[in-house]
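Q: I'd like to ask you about the structure that follows.
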Amino acid sequence: MNAKVKGYMLGAIAAATYGMNPLFALPLYKAGMDPDSVLFFRYLFAIPVLGIMLKARGRNFKLCRKDIPPLIVLGFLVAFSSLALFLSYNYMEAGIASTLLFVYPIMVALIMSLLFKEKLTLQTVLCIMLALGGISLLYKTGSGATLSTTGVLLVMGSALSYAIYIVGVNRPRLKDIATLKLTFYILLFGMLLFLIRIDFGKSLRIVEDWYLWGNLLALAIFPTAISFLCTTQAIQYIGSTPTAILGALEPLTAVFFGVTIFGEVLTPRLGCGIIMIILAVTLIIAGSNVTAYLIRFRKLFPRLPFPRK
């Protein structure tokens with residue numbers, strides 16, 4: 039198989055695996071698990087998977103003491119991003135929320151411009167306007183309900199938290215840490231938030247049906263190990279920018295599952311809004327230095343849907 043074709047296939051697989059999260063998460067919610075319990079097990083199972091990957095590559099687990107505080111902060115940023123998004127699913131359809139979340143690369147570009155004096159180009163400004171136009175088309179869901187302000191604020195908070203994390207993880211102090219080791223410790227420290235929220239196990243909900251444990255394990259393997267490996271290999275074959283652009287398949291996959299499996303309605307207006315947002319983000323990634331920040335640690339954590347009441 040041609041190396042480029044293989045690279046594009048791997049990049050597509052890496053992006054699409056994120057859209058599989060609802061397939062594994064919703065049965066767990068129906069069985070009585072809450073998002074905190076699901077995320078706790080998700081992190082708990084993912085940590086040894088990453089640990090095995092670390093050892094298989096001949097890496098060690100050593101950290102400098104000075105690296106621990108920033109890693110704790112980054113772990114909590116990622117955990118907060120997940121929680122905020124879970125709550126947003128209480129107020130809007132999964133496909134729309136996943137699309138809104140995809141504006142995080144634009145937020146990265148804005149942070150780099152405001153805090154680190156990276157030049158804000160005309161293309162970036164036009165892309166921001168295009169994304170805002172796309173968001174405005176999502177003001178009503180496919181069922182006709184007006185988009186919840188609370189839900190939008192939650193998903194924007196999730197995107198902002200993740201954007202801050204992406205910028206932080208590329209700072210000089212942490213940039214020298216191997217990505218896999220960095221991921222391992224951010225998962226480890228991020229799990230502390232959910233450990234606190236489940237009252238150190240007192241509020242932990244456990245599934246009774248044995249086959250549902252397979253769902254928990256799948257959440258640790260598919261969106262983490264498989265996606266990480268495919269992303270890494272795709273970069274080697276086709277480079278960072280094409281791999282990052284293929285990330286547009288993430289919200290598309292979420293919309294696909296939302297419509298075909300979970301009964302969400304996709305109207306022409308919503309379709310245009312989604313296309314505008316994805317186009318804006320794709321142009322941002324293709325035409326700026328933000329790619330380097332997005333690709334280093336690219337959405338390794340799944341955003342699982344919180345069932346609406």
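Using my numbering, the first residue of the sequence shown is number 39, and each one after it goes up by one.
By construction, the Cβ of each residue, glycine as well, lies at the ideal position given by its N, Cα and C atoms.
Can you have a look at Arg80 and say buried or exposed, based on whether 16 or more other CB atoms are within 10 angstroms of its CB?
A: Mapped onto the sequence shown, residue 80 falls at position 42. Arg80 is buried by the Cβ-count criterion.
Q: Whether or not the stretch 83-95 and the stretch 151-164 are in contact is what I'm after, with contact meaning three or more pairs of Cβ atoms, one per stretch, closer than 8 Å; do they touch?
A: Taking 8 Å as the limit for Cβ pairs, the verdict is that the stretch 83-95 does not touch the stretch 151-164.
Q: I need the straight-line Cα distance from Ile215 to Phe260, nearest angstrom please.
A: As a working note, residue 215 is residue 177 in the sequence shown. As a working note, residue 260 is residue 222 in the sequence shown. Between Ile215 and Phe260, the C-alpha separation is close to 24 Å.
Q: Going by C-alpha distance, which of Tyr56, Gly195 and Val245 is nearest Ala258?
A: To locate residue 258, count along the sequence shown from 1; it is residue 220. Taking only the C-alpha atoms, the option nearest Ala258 is Tyr56.
Q: Just mark Ile106 as buried or exposed, buried being the case when its beta carbon has 16 or more other beta carbons within 10 Å.
A: As a position in the sequence shown, residue 106 is number 68, starting the count at 1. Ile106 is exposed by the Cβ-count criterion.
Q: Less than 8 Å between the CB atoms is what I'm expecting for Leu185 and Met130, so what's the real figure, rounded?
A: On the sequence shown, residue 185 is found 147 positions in, with the first residue counted as 1. On the sequence shown, residue 130 is found 92 positions in, with the first residue counted as 1. Sure, about 6 Å apart at Cβ, within 8 Å.
Q: Shorter than 7 Å from the beta carbon of Val297 to some beta carbon of chain B?
A: Within the model displayed, chain B is absent; a lone protein chain is all it includes.
Q: Leaving aside the five residues before and after Gly172 along the sequence, list all residues of the same chain whose C-beta is less than 6 Å from its C-beta, in chain order.
A: Your numbering for residue 172 matches position 134 in the sequence shown. Same-chain partners within the cutoff: Gly311, Met314 and Ile315.
Q: Using the C-alpha atoms, what's the distance from Thr291 back to Lys42?
A: Residue 42 sits at position 4 when you count from the first residue of the sequence shown. Residue 291 sits at position 253 when you count from the first residue of the sequence shown. If you take the alpha carbons of Lys42 and Thr291, they lie about 22 Å apart.
Q: Measuring only the C-alpha atoms, how far is Lys157 from Tyr142?
A: The residue you call residue 157 lines up with position 119 of the sequence shown. The residue you call residue 142 lines up with position 104 of the sequence shown. In a straight line, the C-alpha of Lys157 is about 18 Å away from that of Tyr142.
Q: In terms of alpha-carbon separation, which member of Tyr67, Ser136, Tyr223 and Leu168 lies closest to Trp251?
A: Numbered from its first residue, the sequence shown carries residue 251 at position 213. Nearest of Tyr67, Ser136, Tyr223 and Leu168 to Trp251, Cα basis: Tyr67.
Q: Going by alpha carbons, who is nearest to Ala69 out of Leu254, Met91 and Ala135?
A: As a working note, residue 69 is residue 31 in the sequence shown. Considering only alpha carbons, the answer is Leu254.
Q: Which residue marks the beginning of the alpha helix (DSSP H) containing Met145, and which one marks its end?
A: Here residue 145 refers to the residue found at position 107 when the sequence shown is read from its first residue. Tyr142 to Phe154 is the span of the alpha helix (DSSP H), which, as asked, contains Met145.
Q: Rounded to the nearest angstrom, how far is the Cβ of Ile224 from that of Gly113, given a contact under 8 Å?
A: What you label residue 224 is simply residue 186 of the sequence shown in a count that begins at 1. What you label residue 113 is simply residue 75 of the sequence shown in a count that begins at 1. That pair is a contact at about 5 Å.
Q: Is DSSP giving Gly172 helix, strand or coil here?
A: Against the sequence shown, residue 172 aligns to sequence position 134. Three-state DSSP puts Gly172 in a helix.
Q: Classify Met39 as buried or exposed, calling it buried when 16 or more other Cβ atoms lie within 10 Å of its own Cβ.
A: Indexing the sequence shown from 1 puts residue 39 at position 1. It counts as exposed.
Q: Which first and last residues belong to the alpha helix (DSSP H) in which Arg211 is found?
A: Sequence index remark: in the sequence shown, residue 211 carries index 173 (1-based). From DSSP, the alpha helix (DSSP H) with Arg211 extends over Pro210 to Lys213.
Q: What are the start and end residues of each continuous alpha helix (DSSP H) run of 4 or more residues lying completely inside the stretch 279-311, in chain order?
A: As far as the stretch 279-311 is concerned, its whole alpha helix (DSSP H) runs of at least 4 residues are 287-298.
Q: Pick from Met71, Phe78, Ile144 and Met58: whose alpha carbon is nearest that of Asp247?
A: For the purposes of this step, residue 247 is identified with residue 209 of the sequence shown, where counting begins at 1. Considering only alpha carbons, the answer is Met71.
Q: With Ala286 and Thr262 assumed to form a contact (beta carbons below 8 Å), what rounded beta-carbon distance in angstroms separates them?
A: The sequence position of residue 286 within the sequence shown is 248, counting from 1. The sequence position of residue 262 within the sequence shown is 224, counting from 1. About 20 Å; that fails the 8 Å criterion.
Q: Kindly indicate which residue of Ala52, Thr217 and Tyr200 has the alpha-carbon position closest to the one of Ile144.
A: For the purposes of this step, residue 144 is identified with residue 106 of the sequence shown, where counting begins at 1. Among Ala52, Thr217 and Tyr200, the Cα nearest to that of Ile144 is on Tyr200.
Q: Under 8 Å by Cβ, that's how I've got Phe62 and Ala256 pegged, so tell me the actual separation to the nearest angstrom.
A: On the sequence shown, position 24 is the one that residue 62 refers to. On the sequence shown, position 218 is the one that residue 256 refers to. So it is a contact: roughly 5 Å between Cβ atoms.
Q: Does the separation of the CB atoms of Ala122 and Gly228 fall below 7 Å?
A: In the sequence shown, residue 122 corresponds to position 84, counting from 1. In the sequence shown, residue 228 corresponds to position 190, counting from 1. It is not a contact, given that the beta carbons lie outside the stated cut-off.
Q: On the three-state DSSP scale, how would you describe Lys100?
A: The residue labelled residue 100 in the question sits at position 62 within the sequence shown. It is coil, neither helix nor strand.
Q: Looking at C-alpha atoms only, which residue of Phe154, Thr305, Pro306 and Gly296 is the closest neighbour of Gly133?
A: Position 95 of the sequence shown, counting from 1, holds the residue named residue 133. Nearest option by C-alpha distance: Gly296.
Q: By a C-beta neighbour count over all protein chains shown, 10 Å radius and 16 as the cutoff for buried, is Cys102 buried or exposed?
A: For the purposes of this step, residue 102 is taken as the residue at position 64 of the sequence shown. That one is exposed.
Q: Should Thr221 go down as buried or exposed, given a rule of 16 or more other Cβ atoms within 10 Å for buried?
A: Indexing the sequence shown from 1 puts residue 221 at position 183. By the 10 Å Cβ count, Thr221 comes out buried.
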